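**Student:**
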Amino acid sequence: MSSEEQNWTKTELQIYILLLCANADSNETEEEINLIKSKTDKATFEKMYKEFSGDTEEESLEKIQDNLAVHEYSHKELTELRREMFEVFFSDKKFSMMENTLDKILDNILY
Numbered sequence: 001m002s003s004e005e006q007n008w009t010k011t012e013l014q015i016y017i018l019l020l021c022a023n024a025d026s027n028e029t030e031e032e033i034n035l036i037k038s039k040t041d042k043a044t045f046e047k048m049y050k051e052f053s054g055d056t057e058e059e060s061l062e063k064i065q066d067n068l069a070v071h072e073y074s075h076k077e078l079t080e081l082r083r084e085m086f087e088v089f090f091s092d093k094k095f096s097m098m099e100n101t102l103d104k105i106l107d108n109i110l111y
């Protein structure tokens with residue numbers, strides 16, 4: 001990870017988290033990517049996809065944690081984010097063990 005601090009908008013953070021969810025089982029499906037794309041504009045998606053593609057899982061989790069600390073999230077916003085995460089997890093009609101593990105890790109980071 002670069003040494004410079006990078007603060008994302010809430011939308012950028014949301015897209016990054018959803019990309020991590022899509023990649024939890026090491027297999028981003030077209031359905032998952034299209035679902036994520038539907039939640040933002042093309043430029044934001046491409047920016048965050050490029051960022052995500054260059055990161056390890058450890059770096060991703062660290063970036064998520066750092067950026068969550070910058071924003072004040074209401075309970076309603078966190079509930080909506082969790083709902084979107086599950087949309088991505090279940091877009092392929094399966095919830096793998098790796099997706100379940102990532103869900104638990106993100107749950108600890110979010111709350």
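For what it's worth, UniProt numbering labels the leading residue of the sequence shown as 1, then goes sequentially.
Backbone N, C-alpha and C fix where the C-beta goes; we use that ideal spot for every residue, glycine too.
In this text the structure is predicted, and so the values were computed from the model without any measurement.
Whole angstroms are fine: how far does the CA of Ile105 sit from the CA of Met98?
**Tutor:** 11 Å
**Student:** Going by Cα to Cα distance, which pick from Phe52, Asn108, Ser26, Thr29 is closest to Ile15?
**Tutor:** Phe52
**Student:** Report all residues from its chain with a CB closer than 8 Å to the CB of Leu102; omit the five preceding and five following residues, and keep chain order.
**Tutor:** Leu20, Cys21, Ala24
**Student:** May I have the straight-line CA-CA distance separating Glu72 from Asn7, to the nearest angstrom?
**Tutor:** Going by C-alpha positions, Glu72 is about 13 Å away from Asn7.
**Student:** Would you please state the rounded distance, in angstroms, between the beta carbons of Thr11 and Thr56? I believe it to be under 8 Å.
**Tutor:** Actually they are not in contact, since the Cβ atoms of Thr11 and Thr56 sit about 23 Å apart, beyond 8 Å.
**Student:** May I have a chain-ordered list of the alpha helix (DSSP H) segments no shorter than 4 residues that lie completely inside the region 48-78?
**Tutor:** Within the region 48-78, the complete alpha helix (DSSP H) runs of at least 4 residues are 57-70.
**Student:** Kindly indicate which residue of Leu110, Arg83, Asn27, Ser96 has the alpha-carbon position closest to the one of Ala69.
**Tutor:** Leu110
**Student:** What does the alpha-carbon distance come out to for the pair Ile36 and Asn108?
**Tutor:** Ile36 and Asn108: Cα-Cα distance of roughly 22 Å.
**Student:** If contacts are defined as beta-carbon pairs under 8 Å, then residue 115 and Asp92 qualify, I think. What distance do you get, rounded to the angstrom?
**Tutor:** The structure shown does not extend to residue 115, since the chain spans only 1 to 111, so no value can be given for it.
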